[in-house]
Amino acid sequence: MKQLKKISFSLLVLLLMSTVVSVNSIGAKGKSKEAEFNSNRFLSIAHRGASGHAPEHTLAAYKLGEGMQADYIEVDLQMTKDGVLIAMHDEKVNRTTDGSGYVKDMTLAEIKKLDAGSWFNRAYPEKAQPEFEGLQVSTLEEVIETFGKGSRYYIETKAPSVYPGMEQELVRILEKHKLTGQNAQSSKVLVQSFSQESLLTMHDLKPEIPLVQLISYSKPAVISDLELEHIKEYAIGVGMSHTKIDRSYVEQVRHHGLLIHPYTVNERADMERLIDWGVTGIFTNYPEVLEAVLKKKG
């Protein structure tokens, strides 16, 4: 039965990938598999994996994201009661598993008993797959061990104030798997957070890891040159909701030499507009749609 599930999931991957048109190189605003951090490179980031097609933050979603030519897979981090970093967006397990309660109050063994895939089949019956039933929550180490050094990871420290030592454990894992290095231009890892304190801790622990400051806006985005210069002291870029920014905001960020990676962009028209404005990367649940847009613009 397990073998049949593996075969069926492989067919699903091939079916979805058949809609993706491969692109080797594109113009100044295009995407490169080298994904170097400069103004001439564009990053496609699989938001929680290809979460428009599979349960978010599962190995299934990450595999699809890579298959759809995403440069990075995004891994949100929470921390268990026994100090293990897991891939999960919410502080509670309620939304994406069949369990309930806070991650911080549960051991990894308890979380591993949860079903992290069946909810997707119920929420999106048109995309349901039997292979998604019973998927487990993955640890950060399991994700890295599955995809290896050949992949790129866009990691977010979620609610770091709730998890003392989160940054130290993240650095330990990255060092263990040799994912840190002196050259940020070819980094396999980007770390982002809404918490400036968390990013500053990361910067102190391992200054060569490139960082991205997430910013939350309740109104149309406004930022000062002074704020951007301060961010530039520890980070290489910023990220925010694409619905809050305009062309002038993007141009201001780029004028300061910072990257800008808005989230979560799922509509083709929005992707095209943001690329025209000059953003340097996009988070999307549908990497294959972004791939098609980039090919068209290339």
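Just so we're aligned, residue 1 is where the sequence shown starts under full-length UniProt numbering, counting upward by one.
Every residue gets a Cβ at the ideal spot worked out from N, C-alpha and C, and that includes glycine.
Item to check | Sequence-distant residues of the same chain with beta carbon closer than 7 Å to Thr264, five excluded per side | outcome: His47, Phe283, Thr284, Asn285
Next on the checklist: Would Pro220 pass as an interface residue toward chain B - the criterion being a Cβ-Cβ separation below 8 Å?
Outcome noted: Of the protein chains in this structure there is only one, and it is not chain B.
Next on the checklist: In the DSSP assignment, the beta strand (DSSP E) including Asp204 goes from what residue to what residue?
Outcome noted: Premise fails: Asp204 lies in the alpha helix (DSSP H), 196-205, not in any beta strand (DSSP E).
Next on the checklist: Per DSSP, what are the beta-bridge partners of residue 303 in this structure?
Outcome noted: What is shown of the chain runs 1 to 298, which leaves residue 303 out entirely.
Item to check | Residue closest to Val261, alpha-carbon to alpha-carbon, out of Asp270, His255, Gly281, Val250 | outcome: It should be pointed out that residue 261 corresponds to His in this sequence rather than to Val. Nearest of Asp270, His255, Gly281, Val250 to His261, Cα basis: Gly281.
Checklist entry - Is there contact here, the segment 116-127 with the segment 76-83, by at least three beta-carbon pairs under 8 Å? => result no
Next on the checklist: Which residues does DSSP list as the beta-bridge partners of Ser193?
Outcome noted: Gln213
Checklist entry - What is the C-beta distance between Val137 and Ile173, in whole angstroms, given that I count them as a contact (C-beta under 8 Å)? => result Not really, about 16 Å apart at Cβ, beyond 8 Å.
Item to check | Where the beta strand (DSSP E) through Glu156 begins and ends | outcome: 153-157
Next on the checklist: My output table needs one value for Thr284: the three-state DSSP class, helix, strand or coil.
Outcome noted: strand
Item to check | Those residues which DSSP pairs with Phe147 across a bridge | outcome: None; Phe147 has no bridge partner.
Next on the checklist: Since Gln196 and Gln168 should fall inside the 8 Å C-beta cutoff, what is the C-beta to C-beta distance between them, to a whole number of angstroms?
Outcome noted: Not confirmed; about 17 Å, so no contact.
Next on the checklist: Given this structure, state the Cα-to-Cα distance separating Tyr249 from Lys219, to the nearest angstrom.
Outcome noted: 13 Å
Checklist entry - Does DSSP put Ala60 in a helix, a strand or coil? => result helix
Checklist entry - DSSP three-state call for Lys297: helix, strand or coil? => result helix
Item to check | Coarse secondary structure for Val250, derived from DSSP in three states | outcome: helix
Item to check | Alpha-carbon spacing of Gly237 relative to Lys178, whole angstroms | outcome: 23 Å
Checklist entry - Could you give the distance in angstroms between the alpha-carbon of Lys295 and the alpha-carbon of Leu59? => result 27 Å
Checklist entry - Using DSSP with H/G/I as helix, E/B as strand and the rest coil, what is Lys92? => result strand
Checklist entry - In whole angstroms, what is the alpha-carbon distance linking Leu258 and Leu211? => result 11 Å
Checklist entry - Under 8 Å between the Cβ atoms of Thr157 and Val191? => result yes
Item to check | Beta-carbon proximity check, Ala87 vs Met68, cutoff 8 Å | outcome: no
Checklist entry - Based on Cα-Cα distance, which residue from Ile231, Glu133, Ala61 lies nearest to Leu199? => result Ile231
Checklist entry - Looking only at its own chain, which residues have a Cβ that is under 6 Å from the Cβ of Ser187, when we skip the five neighbours before and after it? => result Pro210
Checklist entry - Can you give the Cα-Cα distance for Gly298 and Glu175, rounded to whole angstroms? => result 37 Å
Checklist entry - If we call anything under 8 Å between Cβ atoms a contact, is Tyr72 one with Phe147? => result no
Next on the checklist: Tell me which residues share the same chain as Glu66 and place their Cβ nearer than 8 Å to its Cβ, disregarding the 5 neighbours each side in the sequence.
Outcome noted: Ala46, Ile73, Phe147, Ser151
Checklist entry - So Glu133 and Asp115 are in contact, right, with Cβ under 8 Å, and what is the actual spacing, rounded? => result 7 Å
Checklist entry - Of the choices Asp98, Trp277, Leu226, Asp225, whose alpha-carbon is the least far from that of Leu135? => result Asp98
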